[in-house]
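K.L.:
Count along the sequence shown from 1, then add 209; that gives the number in the working numbering. Take a look at this one; I'll ask things after.
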Amino acid sequence: MIVDVHTHLPTHEHNVPKKDIKKDKIYQSGKEIKLTNTIDEYIKALEPVDKAFVFGIAPRPSDPNKSLVGPKNEMEINGKNHNDIAYDLYKKFPEKIIPFMSLHPFDPNMNDEYDRATVNLKCKGIKLGANYQNFDPLSKEAFNLYHRLQKDNFPIIFHQGTSPMSDAPLKFAHPLIIDEIAIKFPKLKMILAHLGHPWHTDCISVIRKHENVWADISAQFYRPWSFWNGMRLFYEWGVLKKILFASDWPISSPKDNITGLRNLNKFTDKYNLPKIPDIDLEEIINRNALEILEINQ
Ligand SMILES: [Zn+2]
Numbered sequence: 210m211i212v213d214v215h216t217h218l219p220t221h222e223h224n225v226p227k228k229d230i231k232k233d234k235i236y237q238s239g240k241e242i243k244l245t246n247t248i249d250e251y252i253k254a255l256e257p258v259d260k261a262f263v264f265g266i267a268p269r270p271s272d273p274n275k276s277l278v279g280p281k282n283e284m285e286i287n288g289k290n291h292n293d294i295a296y297d298l299y300k301k302f303p304e305k306i307i308p309f310m311s312l313h314p315f316d317p318n319m320n321d322e323y324d325r326a327t328v329n330l331k332c333k334g335i336k337l338g339a340n341y342q343n344f345d346p347l348s349k350e351a352f353n354l355y356h357r358l359q360k361d362n363f364p365i366i367f368h369q370g371t372s373p374m375s376d377a378p379l380k381f382a383h384p385l386i387i388d389e390i391a392i393k394f395p396k397l398k399m400i401l402a403h404l405g406h407p408w409h410t411d412c413i414s415v416i417r418k419h420e421n422v423w424a425d426i427s428a429q430f431y432r433p434w435s436f437w438n439g440m441r442l443f444y445e446w447g448v449l450k451k452i453l454f455a456s457d458w459p460i461s462s463p464k465d466n467i468t469g470l471r472n473l474n475k476f477t478d479k480y481n482l483p484k485i486p487d488i489d490l491e492e493i494i495n496r497n498a499l500e501i502l503e504i505n506q
């Protein structure tokens, strides 16, 4: 069973008009990435995986029409928001898609949207990007949300580490913040995206001490030195077992992340570096996140 715990919503339903096509080189440090995609392209990219969590990112209440990561989602019409789109994908592909909600702790309607997303829209967890959403993850409002999530046993995927968005405060995406949350909410399941890159050591420090805190491997392989360093540190600290498979589609595909993991030791051979055992890499690819996060699907 391969579970991709980190995919973003496709931006368009059937086709991307030429005027809408958006590409950027900043995400993969030089390689051009297509940020606008159709549902078909998304589902095609998911072929190598059995299940995928999908989510948008809830906007800042002060600027509800601003898209926080990537281009605006063209499916947000007739009052549909990012949570509705995640649910629509689940309805179309119930065998594969697991919808996650996204909320903003400072949104006055947050609790109503929480109820709607978890009851009507069948969302099984939540994505938060406190840096993109510009909220303090240690604020009272955020803690009220964690309290509900822990009580209802819904996992959180936190964007962690750096990002190319200049108006997204890095201090809200630092793994050491999660330590404070996990101390207060020891049963709350949390996934730190991108191994907290480039703060791998801080991510390790947090996940090794908290039973319910995990890391996701997405978007690492295309910076091979950083990837190897991070993985070697995770190995030495005995926490490879806390890593879940993820792609961060459309920034990178499940296929490329799987290949990148399987090729990691080609890099070590080439530069005569210490290896990371292949069996551990294969375990990351096949780790059953649904069981770990107690998601029934
Ligand atoms: Zn992402």
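C-beta atoms are modelled at their ideal positions from N, C-alpha and C, and glycine is treated no differently. Fair warning: this is a prediction, and the values are worked out from it, not measured in the lab.
Under 8 Å between the Cβ atoms of Glu222 and Met284?
P.N.:
In this structure, Met284 lies closer than 8 Å to Glu222 by Cβ.
K.L.:
Would you call the stretch 373 to 380 and the stretch 395 to 415 in contact, with 3 or more CB pairs under 8 Å?
P.N.:
no
K.L.:
Identify every residue that forms a DSSP beta bridge with Gln369.
P.N.:
The partner list for Gln369 (beta bridge, DSSP) is empty, contrary to what the question assumes.
K.L.:
Would you mind sorting Gly239 into buried or exposed? The rule is 16 or more other CB atoms within 10 Å of its CB.
P.N.:
exposed
K.L.:
Can the beta-carbon of Pro346 be found closer than 8 Å to that of Gln369?
P.N.:
no
K.L.:
Apply the 10 Å Cβ neighbour rule to Gly469 and answer buried if 16 or more other Cβ atoms are within range, or exposed otherwise.
P.N.:
The C-beta of Gly469 has 16 or more other C-beta atoms within 10 Å across all chains shown, which makes the residue buried.
K.L.:
Under 8 Å, do Ala261 and Ile230 count as touching if we go by C-beta distance?
P.N.:
If you check the CB distance, Ala261 and Ile230 do not come in under 8 Å.
K.L.:
Cβ-heavy atom distance between His205 and ligand 1 below 7 Å?
P.N.:
Outside the shown range of the chain, which is 210 to 506, sits residue 205, and nothing can be said about it.
K.L.:
Near Tyr355, what residues of its chain come up, given a Cβ to Cβ distance below 7 Å and the 5 sequence neighbours on each side ignored?
P.N.:
Ile390, Phe394, Leu397
K.L.:
Would you call the stretch 348 to 366 in contact with the stretch 331 to 340, where contact means no fewer than 3 C-beta pairs closer than 8 Å?
P.N.:
yes
K.L.:
Rounding to the nearest angstrom, what Cα-Cα distance links Asn320 and Phe352 in this structure?
P.N.:
Near 13 Å, if we compare the C-alpha coordinates of Phe352 and Asn320.
K.L.:
Just curious, the alpha helix (DSSP H) that His291 is in, first and last residue?
P.N.:
291 to 301
K.L.:
Sort Glu503, Lys232, Trp423, Lys300 by Cα distance to Thr220 and report the nearest one.
P.N.:
Lys232
K.L.:
Would you mind working out which of Val415, Phe309, Ile387 sits nearest Ile504, comparing C-alpha positions?
P.N.:
Phe309
K.L.:
Sort Met210, Lys227, Phe454, Ala424 by Cα distance to Leu244 and report the nearest one.
P.N.:
Lys227
K.L.:
For Ala326, which residues in the same chain have their Cβ closer than 7 Å to its Cβ, ignoring the five residues on either side in sequence?
P.N.:
Counting only Cβ-Cβ distances below 7 Å, and skipping sequence neighbours, we find Asn292, Met310, Cys332.
K.L.:
Below 8 Å between beta carbons: does that hold for Ile294 and Gly265?
P.N.:
yes
K.L.:
Between the stretch 452 to 463 and the stretch 418 to 428, are three or more C-beta pairs nearer than 8 Å?
P.N.:
yes
K.L.:
In three-state terms, what does DSSP make of Ile242?
P.N.:
strand
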